[in-house]
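This report concerns only the one structure given below.
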Amino acid sequence: MFGYVRAYKPEMRVKEFEMYKAIYCSLCKKLGKNYGILSRFTLNYDFTFLCLLELSLNQNPVELCQKRCTFNPIKKCNYCTDLSLGFDLPAAAAMIMLYYKISDNICDEKGVKKLGAKISKMFFSSSHKKAAKAYPEIERIVSDYIAEQREFEKQGRCDPDAAADPTAKALGKIFMCFGSDSASGRVLRRLGYCIGRYIYLIDAVSDFESDLKNGSYNPFGNCTKQEMIALSRQSINLSAAEAQRAFELLDIYKFKDILGNIIYLGLEETSKEVFKKVNKEKNK
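Quick note on numbering: the sequence shown equals residues 12 to 295 in the numbering used here.
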């Protein structure tokens, strides 16, 4: 995942923002504890959302304490006192996804970038093995998704809906792991599918110029920039709207305002930022 699923901070109350930061810092702490200090550099807001979602679906209270930040010891941060619930799966998913992303880069890149990816893979190989052993189902989901994505891209088909499907299905299956019954599992799967689709499409828009320049695959590769903007905006807005509908069907016990901020405002604001960047490139 790429850090596109994040809160819109200007519309958050102070206490919500402090809790959001606490979950982010707690995930950082869990990554370091489970997979070593280098794993902390993989942290992004997509996995913070995953933690918030898992925590929101149970009634256990979340209590905070203050401790020194590993990277900035003079600074104190809020952390969750109990990291045993809501953080293990997102941390493992982060390691597994990172490993397969690096493996994919080795196949796609050349020269120095390829060498860098190979070195990175060596560093994170043991973390991947540990995460895969702890969560074999997540390992299977991600490995299948990467293989399906790679096979589709080899065909060179410029079909955004079909290209986004492997990512969307993978996120849907991961989200479904948080369901307490079949009904909630179906809703979570739909929410994950829509968010996965959003992530893939917004990333494709963001990388449109560089992909065309480097000869890399992009699902909008047969479009002019104007056509890409029109087509992608429609699909991205639809994905965000469908994610909102799924979210409204969930039984949320806590963090509803934070999650709502991300779903209703954060996704929209992120897409605005990406399209603004693309339009600037268009006018150069």
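Beta carbons are placed, not taken as given, at the ideal position from N, Cα and C, and that holds for glycine.
For the pair of segments examined, the stretch 176-193 was found not to touch the stretch 220-233: the number of CB pairs separated by less than 8 Å stays below three. If you ignore the 5 residues before and after Glu279, its C-beta comes within less than 7 Å of the C-beta of Ala251, all in its own chain and listed in chain order. In this structure, Ser138 places its C-beta atom within 8 Å of the C-beta atom of Met106. Ile48 and Ser191 have their alpha carbons spaced roughly 33 Å apart. Taking one beta carbon from each stretch, the stretch 268-284 and the stretch 12-30 have 3 or more pairs nearer than 8 Å; the two touch. DSSP places Gln255 inside the alpha helix (DSSP H), whose first and last residues are 236-258. Looking at the DSSP output, Asn89 sits in a beta bridge with Gln77. Judged by beta-carbon spacing, Ala143 lies beyond the 8 Å limit of Arg201, meaning their Cβ atoms are not closer than that value.
The residue among Arg51, Asp218, Arg24 with its C-alpha nearest the C-alpha of Cys80 is Arg51. Annotation for Leu64: the continuous alpha helix (DSSP H) segment containing it runs 56-67. Ala254 is not a Cβ neighbour of Ile213, given a cutoff of 8 Å. Setting aside the 5 residues that flank it on each side, Thr178 is surrounded in the same chain by Gly207, Tyr211, each with a C-beta closer than 6 Å to its C-beta; the list follows chain order.
Judged by DSSP in its simplified three-state form, Leu212 adopts helix. By the Cβ-count criterion, Thr59 is buried, with 16 or more other Cβ atoms from all chains shown falling within 10 Å of its own Cβ.
C-alpha of Lys287 to C-alpha of Val216: approximately 11 Å in a straight line.
The alpha-carbon of Ala173 is positioned some 34 Å away from that of Ile34.
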